[in-house]
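Take the sequence shown: its position 183, counting from 1, is numbered 177 in the numbering used here, and each next residue is one higher.
Below is one structure; the comments refer to it alone.
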Amino acid sequence: MKFPASHHPALLLAAMLVCVAAPACAQATKEAKEPKLAPAPALLLSPLAGQSIPVLPVTYLVADSASSIGLPADLHGRLRWADSLVGEVLQMRGPEVTWLLGEELRRIARRAPGTINDPDKMGQAMLRADGLKRIPDPLFSQLRMLAALTNGRQVMVPAAVRFQSVPGGIRAEVVLVLADARSGALLWRSTPFAIAATPAAALAAAVARILPDFN
């Protein structure tokens, strides 16, 4: 069908508007699809000063093929490596707290057989889920007993560690949860991330983000 000549300018203008709007719409769609990063709130140490706080072992660690090059070859080695690094940063940046790390927790469990499970097998990785407000059972009962054996109340859980190769290097992300082992409440959650040349440097920087160095 042919349009009258008088309609051609209007059609041309409409076509131009479509062409101009298309990139903007595409950009808006792209921005809508890109997930927004959750904030990574810092951990306030003053209420925890002088306390003994167990730090459960890392049991969930994922990495893409490119970032895996800088990690130990097997999963067990990777988990112990991540435990060591997370614990080292906590002790360095949060000396106000006595952090009870994985090896100490394993010794406590061995001294109380049948009382609590192996700290590597408590199911703590479930706390990586964002929607949780309380510690689910049976993890709750395990953490309550662990707190009793360590004369504490709060428990720090590195619920997940993730590595990804990005243009700037290696991106490390860690999900950290502070739980009240007596009431079952999840007191604090943070998912800090950092990008560095190596997985070790990235993970250390990510954990350090929640423990700022105040002058």
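Think of the CB as a built atom: it goes at the ideal place given N, C-alpha and C, for glycine as much as any other residue.
These figures come from a predicted structure and were not determined experimentally.
Using a Cβ-based criterion (distance less than 7 Å to any ligand heavy atom), does residue 141 qualify as near the ligand SAH?
What this structure holds is no ligand at all, so the ligand SAH is not there to describe.
Sort 119, 78, 37 and 48 by Cα distance to residue 56 and report the nearest one.
119
Contact with chain B by residue 200, beta-carbon distance below 8 Å
The structure shown contains no chain B; it is built from a single protein chain.
Which of the three DSSP states is assigned to residue 207 in this structure?
coil
Can you give, in chain order, each stretch of the beta strand (DSSP E) that sits fully within the segment 114 to 172 and has at least 3 residues?
148 to 160
Thinking just about the alpha-carbon of each residue, which of 99, 71 and 190 is nearest to the one in residue 150?
99
What is the DSSP secondary structure of residue 193, reduced to helix, strand or coil?
helix
With C-beta atoms as the reference, is residue 229 less than 8 Å away from residue 152?
Summary: the structure shown does not reach residue 229, with the chain confined to residues -5 through 209, and so no result is reported for it.
Can you pull the DSSP bridge partners for residue 48?
94
Please report the straight-line C-alpha distance between residue 185 and residue 34, rounded to a whole angstrom.
5 Å
Taking the Cβ atom as the reference point for each residue, do residue 159 and residue 60 lie within a distance shorter than 8 Å?
yes
Quick one: is residue 124 buried, meaning 16 or more other Cβ sit within 10 Å of its Cβ, or exposed?
exposed
Helix, strand or coil: how does DSSP classify residue 179 here?
strand
Throw me the rounded Cβ distance for the residue 37 and residue 172 pair, which I believe falls under 8 Å.
7 Å
Can you say whether residue 63 is buried or exposed, counting buried as having 16 or more other CB atoms within 10 angstroms of its CB?
exposed
What's the gap between the Cα of residue 177 and the Cα of residue 161?
43 Å
Taking the alpha helix (DSSP H) that residue 84 belongs to, which residues open and close that run?
69 to 87
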